[in-house]
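Take any residue in the sequence shown, note its place counting from 1, add 108, and you have its number in the working numbering.
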Amino acid sequence: MARDPIPALVRKSIGGQMLVDLREARGLRQNVVADTLGFSQPQMTQWETGQYVPSATNLEKWLDYLEAAPAKRDKINEHFALAGEPLPKGHLARRFKGDLRKVVILEGAAPVSFVKAGMWLPWIVQTPAYMEEGFRRWRPKQSEAEITKGIRDRVARQKILENDDQHFVLVIDQASLARMPQSKVTEDQLRHLMELSQRKNVELQFVPFTAGTYAGQELDYRIFEYTDPSEETTVHVAYLDRYNSLSLLHGSRSEELRKTWEEQLKVALPPEEASSFLSFLSGIRPL
């Protein structure tokens with residue numbers, strides 16, 4: 109199973125970051141470049157953070173001013189040109205709408221995904237039975253058709269875990285494991301987590317109640333990390349999941365969340381303790 113190509117949204121972010129790198133390498137402030145080239149500073153911010161693609165004319169003017177080397181110029185042009193590619197027919201993301209569609213596109217292509225669960229166990233590691241139990245407890249109540257579709261779509265998205273070319277790091281607060289009553293469903297879910305903890309491309313880290321309070325403990329989010337190896341350019345695109353409402357974050361906002369992630373890693377148990385922690389919670393013998 110191959111990882112999806114770099115999405116258009118990420119192409120724009122990488123191209124924008126490369127422009128930032130060029131500008132900063134020359135010691136230029138954004139407002140100075142904007143004034144010199146006749147751009148508005150809000151425009152430049154949108155281009156550099158990957159929200160919009162500059163026109164070919166404006167991009168060439170910009171690259172000329174920054175004296176971009178031919179190879180660098182070609183690479184930036186390539187990223188922005190490919191940012192306009194349409195979503196392939198039959199892509200899983202076509203089942204979804206709005207920001208959720210963007211998230212499905214992002215998750216299928218990210219070499220590394222960082223997942224933080226503060227309120228609810230991430231869908232990416234849920235068993236179908238656990239999903240169903242969660243859907244049935246959701247308020248307002250969902251129809252049978254909505255529950256069936258929700259489970260089907262989430263299971264389809266989980267196939268990315270089978271791709272050894274993608275790496276997943278999850279920090280799961282114990283509180284998210286305590287939201288469901290003890291039952292055969294939760295016991296099977298804990299065993300499933302034990303099995304996942306043995307996979308080479310999955311790292312599970314848990315924050316026990318004994319860790320106390322910490323910054324951002326209530327947050328549920330994912331950060332997708334993409335790198336252009338030829339340019340050593342890394343960008344992060346993130347989304348916050350709050351009460352079934354998604355917020356996509358780009359540029360400095362995603363980098364701030366990345367810093368929060370680093371702090372949360374400090375309070376989480378290391379990956380090698382995942383199995384024993386799950387065993388402690390359930391009484392199941394470690395694998």
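All C-beta atoms in this analysis are idealised placements derived from N, C-alpha and C, irrespective of residue type, glycine included. Predicted model, so just to flag it, every value in this text is computed and none were measured.
From the DSSP output, read off the bridge partner residues of Ala346.
In DSSP, Ala346 forms a bridge with Ile331, Leu357.
Can you tell me whether His199 is helix, strand or coil according to DSSP?
DSSP places His199 in coil when its eight states are reduced to three.
From the DSSP output, in three-state form, read off Glu326 for me.
Residue state, collapsed to three classes: coil.
Scan the region 260–297 and note each continuous beta strand (DSSP E) run of 3 residues or more that stays entirely inside, going in chain order.
Taking only runs of at least 3 residues, the beta strand (DSSP E) segments lying wholly in the region 260–297 are 275–281.
Nearest to Leu195 (by Cα), restricted to the options Lys210, Ala133, Val263, Leu136:
Looking at the Cα atoms, Lys210 is the closest of the given residues.
Can you confirm whether the region 226–243 touches the region 289–304 when touching is taken to mean that 3 or more C-beta pairs between the two stretches lie within less than 8 Å?
Contact annotation: the region 289–304 touches the region 226–243, with at least three C-beta pairs closer than 8 Å.
Where DSSP assigns a beta bridge to Leu312, which residues make up the other side?
Residue pairing by DSSP places Leu312 opposite Leu278 in a beta bridge.
Ala116 versus Thr165, Arg260, Gly216, Gln282, residue with shortest Cα-Cα distance:
When C-alpha distances from Ala116 are compared across Thr165, Arg260, Gly216, Gln282, the shortest belongs to Gly216.
Can you pull the DSSP bridge partners for Lys224?
Lys224 is bridged to Val279, Tyr329.
On the three-state DSSP scale, how would you describe Thr341?
Thr341 sits in a strand when the DSSP states are folded into three classes.
Buried/exposed call for Lys308, threshold 16 Cβ in 10 Å:
By the neighbour-count criterion, in which a residue is buried when 16 or more other Cβ atoms sit within 10 angstroms of its Cβ, Lys308 is exposed.
Tell me whether the beta-carbon of Val277 lies closer than 8 Å to the beta-carbon of Phe222.
Judged by their CB atoms, Val277 and Phe222 are nearer to each other than the 8 Å cut-off.
For Tyr322, collect the residues of the same chain with a Cβ closer than 7 Å to its Cβ; drop the 5 residues on either side in sequence, then sort them by chain order.
Closer than 7 Å at the Cβ level, and outside the excluded window around Tyr322, lie Gln372, Val375.
What is the C-beta distance between Gly124 and Trp170, in whole angstroms, given that I count them as a contact (C-beta under 8 Å)?
Separation of the CB atoms of Gly124 and Trp170 is rounded to 11 Å, and the pair is thereby denied contact status at 8 Å.
Bridge partners of Asp336, per DSSP?
DSSP links Asp336 through a beta bridge to Thr341.
Secondary structure of Glu363, DSSP reduced to three states
When DSSP states are grouped into helix, strand and coil, Glu363 belongs to the helix group.
Is it a yes or a no for the region 225–234 touching the region 322–335, going by three-plus beta-carbon pairs under 8 Å?
Contact between the region 225–234 and the region 322–335 is present: three or more C-beta pairs spanning the two stretches fall below 8 Å.
Apart from the five residues just before and just after Arg181, which ones in its own chain have a Cβ nearer than 7 Å to its Cβ?
Cβ within range, chain order: Leu171.
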